[in-house]
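Q: Per the numbering used here, residue 2 is the first one in the sequence shown, and the count goes up by one each step. Okay, handing you the structure first.
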Amino acid sequence: MNEVNKMQEIYLDNSASTPLAPEVLAAILPYYAEFYGNPSSLHKKGIEAERAIKESRQIIADILHVKNTEVFFTSGATEADNLAVKGAARALKKRGKHIITQKTEHEAVLESCKALEKEGFDVTYLDTDEFGNIDKKSLLSAVREDTILVAIMHVNNELGTIHPVGEFAKAVKAKNPETLFFSDGVQSFGKMNLDIKNIDMYTLSAHKIHGPKGIGALLVREGINIEPLVHGGGQEQGFRSGTENVPGIAGLGKAAQISYENIGENSAHIKELREEFIWTLREIKDVQINSPENGLPNILNLSFKEIPSEILLHALEEKGIYASSGSACAMGKQNISHVLEAIKIDYDWAVSALRFGFSRYNTVEEINFTCKALKELVPALRAVTGRK
Ligand code: PLP
Numbered sequence: 002m003n004e005v006n007k008m009q010e011i012y013l014d015n016s017a018s019t020p021l022a023p024e025v026l027a028a029i030l031p032y033y034a035e036f037y038g039n040p041s042s043l044h045k046k047g048i049e050a051e052r053a054i055k056e057s058r059q060i061i062a063d064i065l066h067v068k069n070t071e072v073f074f075t076s077g078a079t080e081a082d083n084l085a086v087k088g089a090a091r092a093l094k095k096r097g098k099h100i101i102t103q104k105t106e107h108e109a110v111l112e113s114c115k116a117l118e119k120e121g122f123d124v125t126y127l128d129t130d131e132f133g134n135i136d137k138k139s140l141l142s143a144v145r146e147d148t149i150l151v152a153i154m155h156v157n158n159e160l161g162t163i164h165p166v167g168e169f170a171k172a173v174k175a176k177n178p179e180t181l182f183f184s185d186g187v188q189s190f191g192k193m194n195l196d197i198k199n200i201d202m203y204t205l206s207a208h209k210i211h212g213p214k215g216i217g218a219l220l221v222r223e224g225i226n227i228e229p230l231v232h233g234g235g236q237e238q239g240f241r242s243g244t245e246n247v248p249g250i251a252g253l254g255k256a257a258q259i260s261y262e263n264i265g266e267n268s269a270h271i272k273e274l275r276e277e278f279i280w281t282l283r284e285i286k287d288v289q290i291n292s293p294e295n296g297l298p299n300i301l302n303l304s305f306k307e308i309p310s311e312i313l314l315h316a317l318e319e320k321g322i323y324a325s326s327g328s329a330c331a332m333g334k335q336n337i338s339h340v341l342e343a344i345k346i347d348y349d350w351a352v353s354a355l356r357f358g359f360s361r362y363n364t365v366e367e368i369n370f371t372c373k374a375l376k377e378l379v380p381a382l383r384a385v386t387g388r389k
């Protein structure tokens, strides 16, 4: 298929959520229709459901190179981030009350930190450079004797900035071996090969990797104690009570498995899409690339000067093209995202920022169609806003 039909949907908002992979849908359905038992039940129906959980846990553990007893399922990454940050801080508060994070973290981490400040914790929010990178020296100089936790995401969801979290964790532990290192891996898991050797806790979410919504996981290394947020029947070794979302867990396992079966090929394809996009856009005047060149290819943040992002977003939508302004998790906020604010881009560029998120299902034809649309729309909209 070389030609893209005008009314076809071109979904380029894959950092917000992804379409379910057909294999994942097939893996989920039996757990609604046939294997509906409660995994805690002792009879056959329970055992069938429990088997799905066991298999998915093993898949995730193998990808992360950890033990299956170190993987805990949650209702998504927001809960997993909350559990990691608040759970670890509350469990360790007798040892210290200092936490380090950075300004471009996802709200799930930042708001957890703010909640902890109200409980008397002291949080250092590190600055970043203009591409969202953190300076290792600044990180290390912030580590104190009472630092119990460092929370730095693996890949930033708005810019694609890759933080060398393995290296950071090693350096932090060399300065204070007692400090736990947590990383939000929502935008990295399933999209790149992972080396998380020195990392104590790591989160992931199924719906960013062509899995279902409402299911995620938290890695917690053996021996680390965290306080649960949800109390009840003691599922997930007591870290997260509540009857498990069996279809979701089955879907997460399948989505993770197929993401890593072809990770090299998928990454190369997505890199090619990004390069094609950037190459074609050079023909449009006054476009700024806000993402770092060495970021995750899946995420491309661009500003089209003088065109408010909402306007371009909806103009693209009329052509069947879906992108994102700011972060989708911020629920369509009009104001500048906290990430763009943290990297201190000029206001004019910040209000005109759009994020394109590519997936393995996107094609070069879709990218060409999108760029053609942008070449038409950008000058036309600038003419309306008073620019050429
Ligand atoms: N962390 C990051 C980096 C994200 O991008 C997102 C979602 O956008 C989340 C956490 C929240 O994940 P979930 O939608 O599974 O709660």
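Heads up, the beta-carbon is just placed ideally off N, CA and C, and yes, glycines get one too.
Could you check if GLN188 belongs to the surroundings of the ligand PLP, using beta carbon to heavy atom distance under 8 angstroms?
A: Yes, the ligand PLP has a heavy atom inside 8 angstroms of this Cβ.
Q: Got a sec: is the Cβ-Cβ distance from GLY161 to anything in chain D below 9 angstroms?
A: Any reference to chain D falls outside this structure, which holds one protein chain only.
Q: Any heavy atom of the ligand SAM inside 8 angstroms of the beta-carbon of ASP63?
A: In terms of ligand content, the structure shown lacks the ligand SAM and carries the ligand PLP instead.
Q: Where does the unbroken beta strand (DSSP E) through SER292 begin, and where does it stop?
A: SER292 -> no beta strand (DSSP E), and no H or E assigned at all.
Q: Taking the alpha carbon of GLU294 as the point to measure from, which residue in GLU118, GLY38, ASN134 and HIS232 has its own alpha carbon closest?
A: The option with the nearest alpha carbon to GLU294 is ASN134.
Q: Is VAL151 helix, strand or coil by DSSP?
A: It is a strand residue.
Q: Which word fits THR70, buried or exposed, when buried means at least 16 other C-beta atoms lie within 10 angstroms of its C-beta?
A: By the neighbour-count rule (16 or more Cβ atoms within 10 Å), THR70 is not buried but exposed.
Q: Cβ of ALA90 within 9 angstroms of Cβ of ILE100?
A: Cβ distance < 9 angstroms, so ALA90 and ILE100 count as in contact.
Q: Considering only DSSP beta bridges, list what ASN299 is partnered with.
A: Answer is none; ASN299 lacks a bridge partner.
Q: How close, in whole Å, do the beta carbons of ALA354 and ASN299 come, if the pair is a contact with beta carbons under 8 angstroms?
A: The Cβ separation is near 17 angstroms, so there is no contact.
Q: What does the alpha-carbon distance come out to for the pair LEU297 and GLU179?
A: Those two C-alpha atoms are separated by around 31 angstroms.
Q: Going by beta carbon distance, what residues of the same chain come within less than 6 angstroms of THR105, once the five residues before and after it are set aside?
A: Excluding sequence neighbours, THR105 sits near THR129, GLY133, ASN157, VAL340 and ALA343.
Q: Within 8 angstroms: the Cβ of GLY88 and any heavy atom of the ligand PLP?
A: No; taking the cut-off as 8 angstroms, the Cβ of GLY88 has no heavy atom of the ligand PLP nearer than that.
Q: Is it the case that the region 10-29 contacts the region 204-220, given that we only count it when at least three CB pairs across the two stretches are under 8 angstroms?
A: As far as the Cβ criterion goes, the region 204-220 touches the region 10-29, which means the pair count is three or higher.
Q: With burial defined as no fewer than 16 other Cβ atoms inside 10 Å of the residue's Cβ, what is the status of LEU43: buried or exposed?
A: Counting Cβ neighbours within 10 Å, LEU43 comes out exposed, since fewer than 16 surround it.
Q: Report the rounded CA-to-CA distance for SER328 versus PHE357, giving the unit in angstroms.
A: Note on SER328: pLDDT 41, under 50, position unreliable in the model; no value is reported.
Q: Hey, how far is the Cα of ALA316 from the Cα of ILE11?
A: Approximately 13 angstroms between the Cα atoms of the pair.
Q: If we count the other Cβ atoms within 10 Å of its Cβ and call it buried at 16 or more, is VAL365 buried or exposed?
A: Exposed, because fewer than 16 other Cβ atoms sit within 10 Å of the Cβ of VAL365.
Q: Which term fits VAL385, buried or exposed, when burial requires 16 or more other beta carbons within 10 angstroms of its beta carbon?
A: That one is exposed.
Q: Would you decide whether ALA175 is buried or exposed? Buried here means 16 or more other CB atoms lie within 10 Å of its CB.
A: The residue is exposed, with fewer than 16 neighbouring Cβ atoms inside 10 Å.
Q: Just to confirm, does SER325 get its C-beta within under 8 angstroms of one of the non-hydrogen atoms of the ligand PLP?
A: False, no ligand heavy atom lies under 8 angstroms from that Cβ.
Q: Is any heavy atom in the ligand PLP found nearer than 8 angstroms to the beta carbon of HIS211?
A: No, the Cβ of HIS211 stays beyond 8 angstroms of every heavy atom of the ligand PLP.
Q: I think LEU253 touches ALA207, with their Cβ atoms under 8 angstroms apart; what is that distance to the nearest whole Å?
A: That belief holds up - the Cβ atoms of LEU253 and ALA207 are roughly 4 angstroms apart, short of 8 angstroms.
Q: Check PHE183 in the structure and name its three-state DSSP category.
A: Correct three-state label for PHE183: strand.
Q: If you run the structure through DSSP and keep just helix, strand and coil, what is VAL379?
A: Helix at VAL379.
Q: Could you check if ALA343 belongs to the surroundings of the ligand PLP, using beta carbon to heavy atom distance under 8 angstroms?
A: Not so, every heavy atom of the ligand PLP lies at least 8 angstroms from the Cβ.
Q: State whether the region 162-174 contacts the region 34-54, with contact taken as three or more CB pairs (one from each stretch) at a distance under 8 angstroms.
A: As far as the Cβ criterion goes, the region 162-174 does not touch the region 34-54, which means the pair count is below three.
Q: By Cβ distance below 7 angstroms, which residues in the same chain neighbour ASP82 in space, the five residues on each side in sequence not counted?
A: Closer than 7 angstroms at Cβ, skipping near neighbours: HIS107, ALA109, VAL110, SER113, ASP185 and THR204.
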